[in-house]
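What follows is one structure encoded as structure tokens, with my remarks underneath.
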Amino acid sequence: MKNSLRSQKIAFFFLLIATLFIVIPVGLIIVVIIQKGLPAINWQFIFDIPRQGMRAGGIFPAIVGTIYLVTGAILFALPIGVMSAIYLSEYSRENVLTRLIKLAIINLSGVPSVVYGLFGLAIFVVFFKFGASILSGSLTLGIMILPIIITASREALESVPQSFREVSLSLGASKWQTTRHIVLPNAVPGILTGTILGLGRAAGETAPILFTVAAFYLPKLPHSIFDQAMALPYHLYVISTQVPNVDEKIRYGTAFVLLTIVLFMNLIAIIIRYQFRKKKKW
Amino acid sequence: MRKFKEFIIEKLIAICGVASIFFVILIFLFLLKEGLALFKIITPSQFIFGKNWYPISEPAQLGILPLILGSLIVTIGAAIISIPIGVGCAIYIAEVAPGRIKEILKAGIELLAAIPSVVLGFIGMVTLVPLVKNIFHIPTGLTALSGSIMLAFMAMPTIVSIAEDALYSVPKSYKEGAFALGATHWQTIWRVMLPAASSGIVAAVMLGIGRVIGETMAVMMITGNSAIIPQSILQPVRTLTATIAAEMGETVVGSEHYFALFAIGIVLFVISFVINVGADLAIHKRK
């Protein structure tokens, strides 16, 4: 017995070490970026255009580009994603088609991001002739985040108790009225969480926008959805690998802004989820 | 009128319901449309087993064996690092950690999953790459090893969260039974929980590896991008994904090189399809 307790201690010690191997580097990464990135942040850095071949000035066009792209992606993915989730949770039966849909969702979420980039290039840029534009990039990102939104929305819809639906139906409401006025409002926090996580993912991805929208250096703001645009993640890639002699401060500053946007969205999602669980009526 | 409106809405919902299937097929079709044109020029076996990737020489040599091996060496390295650490961390979170710490650790893992790959690539470039260079006294730190270490961190969140789910879904009665027989907590984990959760853990590992194979930006920034057959883990390599990302910007639409990059896309799509379907089967076997 004594022996087995000792081996338990040793085993748990190694499990703890494994955990620290993940947690400590994560903490370090975030601390380093904050420590070296925060001093670079000032009014000019956020709201100025890049100057001197991106070695000076700010990152405003990249921030704006990312906001446009993410907004476009959500406008495309949210309605389709939520309706798809409604279908899976409220209308579908356990059959081959449903199984296929679920497999397709799993596959969509597993397709490498660069393959989304290829797809976006082939269909939106070349086939539909949208060119490298905000439209092409948004649609590509939208399809990429579709599985995130579907999965989160479906979970939210399915967690609404069956009795809610039964009461509504027994009062003479139709299936769609029940879904629209009873199920959907109760699932909003969950759908919102999924949407924000999707936003964060879309804001941080680089590979899908490489060939569909991203401009290497474009020191002006885009005017229409058919314009090319700079984007934060691609800008970080460019100034850390493609342009020599960029001040380290600018690199860290860009990484800091990108990381802040992405983690901020995740934080909001976590808070909404937490509040919702606390207030849950059932 | 109301009936008609509802009819339209419900049809719309059904259409959106199958949207995922539609998009998967669409992605595959467009990859095939652009990629298969390559095989009018070279044979599939020349493409897969060709030892030279010189896409812009005259005549172009489009063999992706060095790229496949590059992906393979980086992936194996990342798997060796991330599987024991990831599964260990999952066990710690699911079984050992006390309540409050558990929540903090889970938030930390979620945080890691959320960091964009280009940020991890950047951090790898400024910290890990010089470190690898100095430790091994090699001319450049942009090596397969650096890539493996960085990619291990991208696989871990996937492995941890799915393996943890698998451990949670082991029926409580298994654990209670083992305790009742006098087993220690660790003996219960090792002999009862892990075997019971094994198919879920296998799925976790598969999906983690899938994430590594598909990763693009970080790997492009820190593996050094040289398309030669790797002899050791301390050499620069180039992966399938990085090749597409690095070269697509410079190709002409409709050129041989363009078709070849799409053909690589087909290879990646098929790999991710096999991994995801396999992992899904493993998870469903458990249930």
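Going down the list, the sequences are from chains G and B.
If you're matching positions, the first sequence starts at 5 in the numbering used here and goes up one per residue.
If you're matching positions, the second sequence starts at 26 in the numbering used here and goes up one per residue.
Idealized CB from N, CA, C, for every residue including glycine.
query: Since G/Arg97 meets chain B, which of its residues come closer than 8 Å, beta carbon to beta carbon?
result: Start at 1 with the first residue of the first sequence, and residue 97 of chain G comes out as number 93. Within 8 Å Cβ-Cβ: nothing; G/Arg97 doesn't reach chain B, min ~12 Å.
task: Kindly say whether B/Trp78, judged by its beta-carbon, lies nearer than 8 Å to any beta-carbon of chain G.
output: Counting from one through the second sequence, the residue named residue 78 of chain B turns up at place 53. Output row for B/Trp78: interface = no.
message: Less than 8 Å between the C-beta atoms of B/Leu219 and G/Thr23, yes or no?
response: Residue 219 of chain B sits at position 194 when you count from the first residue of the second sequence. Residue 23 of chain G sits at position 19 when you count from the first residue of the first sequence. At least 8 Å separates the beta-carbon of B/Leu219 from that of G/Thr23.
Selected residue, minimal CA-CA separation from B/Ile98, among B/Ala85, B/Phe53 and B/Val262: For the purposes of this step, residue 98 of chain B is identified with residue 73 of the second sequence, where counting begins at 1. Comparing Cα positions, the closest option is B/Val262.
task: Determine the DSSP secondary structure at G/Ala126, reduced to helix, strand or coil.
output: As a first step, residue 126 of chain G must be located in the first sequence, where it is residue number 122. Residue state, collapsed to three classes: helix.
message: At the 8 Å Cβ level, is G/Tyr221 part of the contact set with chain B, yes or no?
response: As a first step, residue 221 of chain G must be located in the first sequence, where it is residue number 217. No, G/Tyr221 lies away from the interface with chain B (no Cβ there is under 8 Å from its Cβ).
- prompt: What do you get for B/Phe74, buried or exposed, if any count of 16 or more other CB atoms within 10 angstroms of its CB means buried?
  reply: Residue 74 of chain B sits at position 49 when you count from the first residue of the second sequence. It counts as exposed.
field: Closest by C-alpha distance to B/Phe284, when choosing among B/Phe72, B/Met26 and B/Lys28
entry: For the purposes of this step, residue 284 of chain B is identified with residue 259 of the second sequence, where counting begins at 1. Of the listed residues, the one whose Cα sits closest to B/Phe284 is B/Phe72.
task: Evaluate contact between the stretch 168–181 of chain B and the stretch 99–107 of chain B, counting only Cβ atoms and requiring at least three cross-stretch pairs below 8 Å.
output: Yes, the stretch 168–181 of chain B is in contact with the stretch 99–107 of chain B.
query: By the 10 Å Cβ neighbour count, where 16 or more other Cβ atoms means buried, how is G/Glu170 classified, buried or exposed?
result: If you number the first sequence from 1, residue 170 of chain G lands on position 166. Exposed.
Cβ neighbour criterion (16 or more within 10 Å) applied to G/Trp47: The count along the first sequence starts at 1 and reaches residue 47 of chain G at position 43. By the 10 Å Cβ count, G/Trp47 comes out exposed.
task: Would you mind sorting B/Ile33 into buried or exposed? The rule is 16 or more other CB atoms within 10 Å of its CB.
output: In the second sequence, the residue the question calls residue 33 of chain B occupies position 8. B/Ile33 is classed as exposed because its beta carbon has fewer than 16 other beta carbons within 10 Å across all chains shown.
task: Keeping to the same chain, check which residues put their C-beta closer than 7 Å to that of B/Leu235; ignore five residues upstream and five downstream.
output: Mapped onto the second sequence, residue 235 of chain B falls at position 210. Contrary to the premise, residue 235 of chain B reads as Gly rather than Leu in this sequence. The residues are Ser297, Ile300 and Asn301.
- request: Mind listing the chain B neighbours of G/Thr197? Cutoff is C-beta to C-beta under 8 Å, in chain order.
  value: On the first sequence, position 193 is the one that residue 197 of chain G refers to. G/Thr197 does not reach chain B, its nearest Cβ partner there being about 12 Å away, counting only Cβ pairs nearer than 8 Å.
task: Can you check the stretch 172–243 of chain G for any alpha helix (DSSP H) of at least 4 residues that lies completely inside it and give the ranges in chain order?
output: Under the rule that a run must span 4 or more residues, the alpha helix (DSSP H) segments found entirely inside the stretch 172–243 of chain G read 179–182, 188–208, 211–214 and 236–241.
field: Spatially closest choice to G/Ile138 from G/Tyr72, G/Phe25 and G/Ile90, by CA coordinates
entry: Within the first sequence, residue 138 of chain G is the residue found at index 134, counting from 1. With distances taken between Cα atoms, G/Ile138 lies closest to G/Tyr72.
query: Checking contacts by CB at 8 Å: is G/Trp180 closer than that to chain B?
result: Counting from 1 along the first sequence, the entry for residue 180 of chain G is found at position 176. Yes, G/Trp180 lies at the interface with chain B (some Cβ there is under 8 Å from its Cβ).
- request: Could you give the DSSP three-state label for B/Leu206: helix, strand or coil?
  value: Against the second sequence, residue 206 of chain B aligns to sequence position 181. Annotated three-state conformation of B/Leu206 is coil, per DSSP.
- prompt: Could you give the distance in angstroms between the alpha-carbon of B/Ile238 and the alpha-carbon of B/Leu293?
  reply: As a position in the second sequence, residue 238 of chain B is number 213, starting the count at 1. As a position in the second sequence, residue 293 of chain B is number 268, starting the count at 1. Each residue's Cα considered, the two are about 8 Å apart.
- request: Find the nearest neighbour of B/Lys127 within the set B/Val185, B/Gly166 and B/Leu87, judged by alpha-carbon distance.
  value: What you label residue 127 of chain B is simply residue 102 of the second sequence in a count that begins at 1. A check of alpha carbon separations from B/Lys127 across B/Val185, B/Gly166 and B/Leu87 identifies B/Val185 as the nearest.
- request: Pull up the distance between the alpha-carbon of G/Ile63 and that of G/Ile45, whole angstroms please.
  value: One-based indexing of the first sequence puts residue 63 of chain G at position 59. One-based indexing of the first sequence puts residue 45 of chain G at position 41. Computed Cα separation, rounded: 10 Å.
- request: Measure the Cβ-Cβ separation of G/Gly85 and G/Leu150 and say whether it is below 8 Å.
  value: Taking the first sequence and counting its residues from 1, one reaches residue 85 of chain G at position 81. Taking the first sequence and counting its residues from 1, one reaches residue 150 of chain G at position 146. Going by beta carbons, G/Gly85 and G/Leu150 fall inside the 8 Å limit.
- prompt: Taking the alpha carbon of G/Ile148 as the point to measure from, which residue in G/Leu112, G/Trp180 and G/Ser140 has its own alpha carbon closest?
  reply: Taking the first sequence and counting its residues from 1, one reaches residue 148 of chain G at position 144. Here residue 148 of chain G turns out to be Met, not Ile, going by the sequence shown. Proximity to G/Met148 across G/Leu112, G/Trp180 and G/Ser140 peaks at G/Leu112, based on C-alpha coordinates.
query: Taking any Cβ of chain G, which residues in the stretch 134–154 of chain B have a Cβ under 8 Å from it, in chain order?
result: Those residues of the stretch 134–154 of chain B that come within reach of chain G (Cβ to Cβ, closer than 8 Å) are Ile134, Glu135, Leu136, Leu137, Ala139, Ile140, Pro141, Ser142, Val143, Val144, Leu145, Gly146, Phe147, Ile148, Met150, Val151 and Thr152.
task: Using three-state DSSP, classify B/Val262 as helix, strand or coil.
output: Counted from its first residue, the second sequence places residue 262 of chain B at position 237. Shown here, B/Val262 sits in a strand according to DSSP, grouped into three states.
task: May I ask which residues mark the beginning and end of the alpha helix (DSSP H) holding B/Gln71?
output: Stepping through the second sequence from its first residue, residue 71 of chain B is reached at position 46. Annotation: the continuous alpha helix (DSSP H) that includes B/Gln71 extends over Pro69 to Phe74.
field: Length at least 4, wholly inside the stretch 207–272 of chain B: the alpha helix (DSSP H) runs in chain order
entry: Counting only runs of at least 4 residues, the stretch 207–272 of chain B fully encloses the following alpha helix (DSSP H) elements, listed from N- to C-terminal order: 210–213, 223–239, 242–247 and 265–272.
Pairwise C-alpha distance: B/Ile148 and B/Met246: The sequence position of residue 246 of chain B within the second sequence is 221, counting from 1. The sequence position of residue 148 of chain B within the second sequence is 123, counting from 1. Taking the straight line joining both Cα atoms gives about 10 Å.
- prompt: Which word fits B/Ile160, buried or exposed, when buried means at least 16 other C-beta atoms lie within 10 angstroms of its C-beta?
  reply: Counted from its first residue, the second sequence places residue 160 of chain B at position 135. So B/Ile160 counts as exposed.
task: Below 9 Å between beta carbons is the criterion; list the residues of the stretch 137–169 of chain G that meet it against any residue of chain B, in chain order.
output: Cβ contacts with chain B come from Ile147, Leu150, Pro151 and Ile154.
- request: Report yes if the CB atom of G/Phe215 is closer than 8 Å to the CB atom of G/Ala136, and no otherwise.
  value: As a working note, residue 215 of chain G is residue 211 in the first sequence. As a working note, residue 136 of chain G is residue 132 in the first sequence. Their beta carbons are under 8 Å apart, which means G/Phe215 touches G/Ala136 by this criterion.
message: Going by the DSSP bridge assignment, what does B/Leu87 pair with across the sheet?
response: As a position in the second sequence, residue 87 of chain B is number 62, starting the count at 1. Answer by DSSP bridge pairing, in chain order: B/Trp78.
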